[in-house]
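Residue numbers (the working numbering): 840 to 1247.
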């Protein structure tokens, strides 16, 4: 029976048994209609007597941003600048092989490398695809916010981003090549009915100037990463990530320099409010990105783009540490990290024209449990800092190039 009512495993029930089970929900008229000549109701007819199961609570509608709400937030940030100072955070732990479990507040994702990378099992998107996802979703949210603030009706924003990385920089087969992105390009598709070409150009100009991820890429962001050692006498080498397999990949890249050139991709589209569906076409993984409720149109259905960027950095660090530890024969029991970054929303929302829209500074701590001595870890950290793709990307200027097209 529905409604949480339970009865003995009998085949039929009299009036007293049903009254005891149903209490105030007992329907006398329905019982009289269904009972047989002996005053019993058969089990197969009980559904007519059962109280209806409560209807599932309707999910509240996802809020849409309004020009008034954005103006109110701008006014609040102008009146109290401390409200705009936000510290974004992420944490990650390397589990097995190159698989990382990353968390951003209440939201968790799996990050991994493809199978071509020793130890990779493609159990999640990789850090560089994830970084492009943070760029694309940040662009979408900026277009929606600034379009709304301009009084335009923004029906759709979708992006496809791609970035070029030469893994010869990461694996030290091409010392002349940077480890991070050499280029980041995005195409934005927008549907803004009734907007003139002048308004669309004005909108793109505002987004190019105020998108936090575009600003982060365009500047060399201060980055401070510390390595903490925890003694672990039982640390061991992971056979899934071996020096021999990495050496084989390095040899393949040396033999064919074009083989190390990789194009990473992300694809995303706003669905409701500031919530966007993000997918990674090359690995088949996907996730939801959203803004917190303090941002007009946000419903906190997923991490926001700046949280995602920090997760891409943290997991990239863990993977780089695991790979270089294998090469240097450094045993590891556990490997984890915590990263945080400072952003002032007065820059994004145009309240303070002198404030950068993106990260002002990024800090991180990587914790390694190992039996290796500190002097070996110092060498390991030096190697990782020099070859981690996300460290290279953040510490150097890599301007984002975007184009837009109007939905036909």
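Just so it is clear, CB atoms sit at the ideal spot from N, CA and C, and this is done for glycine as well.
Counted within 10 angstroms of its Cβ, other Cβ atoms place residue i as buried (16 or more) or exposed
| i | result |
| --- | --- |
| residue 875 | exposed |
| residue 935 | exposed |
| residue 1232 | buried |
| residue 1213 | exposed |
| residue 900 | exposed |
| residue 1196 | buried |
| residue 1124 | buried |
| residue 1036 | exposed |
| residue 926 | exposed |
| residue 1241 | buried |
| residue 1132 | exposed |
| residue 1034 | buried |
| residue 862 | exposed |
| residue 1087 | exposed |
Own chain residues within Cβ distance below 6 Å of residue i, not counting five before or after
| i | result |
| --- | --- |
| residue 1008 | 1016, 1017 and 1018 |
| residue 994 | 1030 |
| residue 843 | Unreliable placement is indicated for residue 843, whose pLDDT of 49 sits below 50; the coordinate value is still reported in the next sentence. Same-chain partners within the cutoff: there are none. |
| residue 1020 | 1002, 1004, 1232 and 1237 |
| residue 1142 | 943 and 946 |
| residue 932 | 940 and 1175 |
Minimum Cβ-Cβ distance from residue i to chain C less than 8 Å
| i | result |
| --- | --- |
| residue 1204 | You won't find chain C in this structure, because it holds only one protein chain. |
According to DSSP, residues forming a beta bridge with residue i
| i | result |
| --- | --- |
| residue 1095 | Paired residues: none, contrary to the question. |
| residue 865 | Answer by DSSP bridge pairing: none, since residue 865 is not bridged. |
| residue 1127 | 1116 |
| residue 1263 | Residue coverage of the chain in this structure runs from 840 to 1247, which leaves residue 1263 outside it and unanswerable. |
| residue 1138 | Beta-bridge pairing links residue 1138 to no other residue. |
| residue 925 | 1182 |
| residue 1244 | 1028 |
| residue 880 | 852 |
| residue 1111 | 1114 |
| residue 1239 | 1023 |
Spatially closest choice to residue i from the options, by CA coordinates
| i | options | result |
| --- | --- | --- |
| residue 986 | 1032, 1233 and 1104 | 1032 |
| residue 1307 | 1229, 868 and 1125 | The displayed coordinates of the chain run from 840 to 1247. Any statement about residue 1307 would go beyond what the structure contains. |
| residue 968 | 981, 1117, 1166 and 1135 | 1117 |
| residue 955 | 1025, 1085 and 861 | 1085 |
| residue 1105 | 1130, 1245 and 1120 | 1120 |
| residue 1203 | 1157, 1042 and 867 | 1157 |
| residue 1209 | 863, 1243, 1168 and 1049 | 1168 |
| residue 1248 | 903, 872, 916 and 911 | Residue 1248 lies beyond the residue range present for the chain, which begins at 840 and ends at 1247; the question has no answer from this structure. |
| residue 1187 | 984, 1200, 1136 and 1082 | 984 |
| residue 1177 | 1183, 997 and 1152 | 1152 |
| residue 1042 | 1161, 1003, 1239 and 989 | 989 |
| residue 958 | 907, 1216, 1083 and 1034 | 1083 |
| residue 904 | 865, 980 and 858 | 980 |
| residue 1126 | 862, 943, 914 and 880 | 943 |
| residue 850 | 1028, 864 and 881 | 881 |
| residue 947 | 907, 1061 and 1147 | 1147 |
| residue 1174 | 1216, 1136 and 1141 | 1216 |
| residue 1006 | 1027, 1096, 1061 and 1087 | 1096 |
| residue 1067 | 1206, 996 and 941 | 1206 |
| residue 974 | 1046, 1010 and 1219 | 1046 |
| residue 1108 | 852, 1024, 997 and 1081 | 997 |
| residue 991 | 1150, 1065, 1162 and 907 | 907 |
| residue 1059 | 856, 914, 1199 and 1223 | 1199 |
Sequence-distant residues of the same chain with beta carbon closer than 8 Å to residue i, five excluded per side
| i | result |
| --- | --- |
| residue 1098 | 1091 and 1092 |
| residue 854 | 870, 874 and 878 |
| residue 962 | 938, 949 and 951 |
| residue 1225 | 1018 |
| residue 1129 | 1112, 1113, 1114, 1115, 1137, 1138, 1139, 1140, 1141, 1142 and 1143 |
| residue 1243 | 1026, 1027, 1028, 1029, 1039 and 1043 |
Contacting residues, own chain, Cβ-Cβ under 7 Å from residue i (five flanking each side not counted)
| i | result |
| --- | --- |
| residue 1155 | 966, 1227, 1228 and 1229 |
| residue 1073 | 1172 |
| residue 1185 | 916, 920, 923, 1191 and 1194 |
| residue 1170 | 1074, 1075, 1076, 1209, 1210 and 1211 |
| residue 883 | none |
| residue 977 | 1050, 1051, 1052 and 1144 |
| residue 964 | 950, 1119, 1122 and 1124 |
| residue 858 | 865 |
| residue 1012 | 1089, 1092, 1093 and 1099 |
| residue 912 | 1135 and 1188 |
| residue 1079 | 935, 936 and 958 |
| residue 1164 | 1171 and 1219 |
The ligand SAH heavy atom lying under 7 Å from the CB of residue i
| i | result |
| --- | --- |
| residue 1156 | As presented, the structure is devoid of all ligands, the ligand SAH included, so that no description of it is given. |
| alpha helix (DSSP H) runs contained entirely in the segment 1151–1208, provided each spans 4 or more residues | Qualifying alpha helix (DSSP H) stretches, in chain order: 1184–1187.
| task | Let me know the alpha helix (DSSP H) ranges lying completely inside the segment 929–1013, each 4 residues or longer, listed in chain order. | result | 966–988 and 1006–1009
| message | List, from N- to C-terminal side, the beta strand (DSSP E) runs of 3 residues or more that fit wholly inside the segment 1020–1107. | response | 1020–1030 and 1062–1070
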